[in-house]
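Quick notes on the structure that follows.
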Ligand code: DAT
Ligand code: MG
């Protein structure tokens, strides 16, 4: 089954949006298989955003993501990577359509509430950076048969 790494960023946790965001993914029909509230270390955050290492905003991005707790999750489902990216919306809230998470909850690019993997390969790399295999829980989800 395809899986993705989603993470409510420190702004979303501080604004108490975790429950509402989890609800959106549940209602869409995806299955939560791991979750934890964590303050990430600098090295771990730098690995997560390694593709942006040369960008001018890299330092601020790592400062921000390590500034408070993040709510890290693994979600499973058919096409979960692309479908959750669609639900999250464009990186810059100025471009994010209303109805998407960033379009509904974010104003600034640097504080855009949630991270979602952009490909199946990044999802597996990001999951390995944040979760140990024994933290992933396999269970039957009866709803999966009817969505
Ligand atoms: P996304 O989070 O939509 O995958 P990304 O991978 O391009 O976007 O960038 C990672 C994060 O870095 C993004 O969520 C917010 C921040 N960011 C991206 N571009 C930025 C910019 N031009 N200025 C400040 N922060 C930026
Ligand atoms: Mg990205």
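Numbering (the UniProt record's numbering), first residue to last: 1 to 147.
Beta carbons are placed, not taken as given, at the ideal position from N, Cα and C, and that holds for glycine.
For clarity, every value in this text was computed on a predicted model and none was experimentally measured.
Q.
Between the alpha carbons of residue 73 and residue 30, how many angstroms are there, rounded?
A. For residue 73 and residue 30, the distance between alpha carbons rounds to 12 Å.
Q.
Taking the beta carbon of residue 80 as the centre, do at least 16 other beta carbons fall within 10 Å, making it buried, or is it exposed?
A. So residue 80 ends up on the buried side.
Q. Are the beta-carbon atoms of residue 8 and residue 111 separated by less than 8 Å?
A. Against a cut-off of 8 Å, the Cβ pair of residue 111 and residue 8 comes out as no contact.
Q.
Please tell me whether, using a cut-off of 7 Å, the distance from the CB of residue 110 to the nearest non-hydrogen atom of the ligand DAT is below it.
A. The closest heavy atom of the ligand DAT lies less than 7 Å from the beta carbon of residue 110.
Q: Tell me whether residue 140 counts as near the ligand MG, meaning its Cβ is closer than 7 Å to at least one heavy atom of that ligand.
A: Answer for residue 140: no, Cβ out of range of the ligand MG.
**Q.** Own chain, CB closer than 7 Å to residue 102, minus 5 neighbours either side, in chain order
**A.** Cβ neighbours of residue 102 beyond the five flanking positions: 88, 89, 90, 93, 96, 112, 113.
Q | Coarse secondary structure for residue 47, derived from DSSP in three states | A | Looking at residue 47 - three-state DSSP - the assignment turns out to be helix.
Q.
Among the candidates 141, 14, 24, 62, whose CA atom is the shortest distance from the CA of residue 83?
A. Of 141, 14, 24, 62, the smallest CA-CA separation from residue 83 is found for 24.
Q.
Counting beta carbon pairs with one atom in the region 54 to 63 and one in the region 12 to 24, are three or more of them shorter than 8 Å?
A. The region 12 to 24 makes no contact with the region 54 to 63; the number of CB pairs closer than 8 Å stays below 3.
(Q) By DSSP's criteria, residue 7 is part of a beta bridge. Which residues make up the other side? (A) DSSP lists 72, 115 as partners of residue 7.
Q. Is the Cβ-Cβ distance between residue 3 and residue 121 less than 8 Å?
A. The Cβ-Cβ distance between residue 3 and residue 121 does not fall below 8 Å.
Q. So what does DSSP say about residue 39, is it helix, strand or coil?
A. Residue state, collapsed to three classes: coil.
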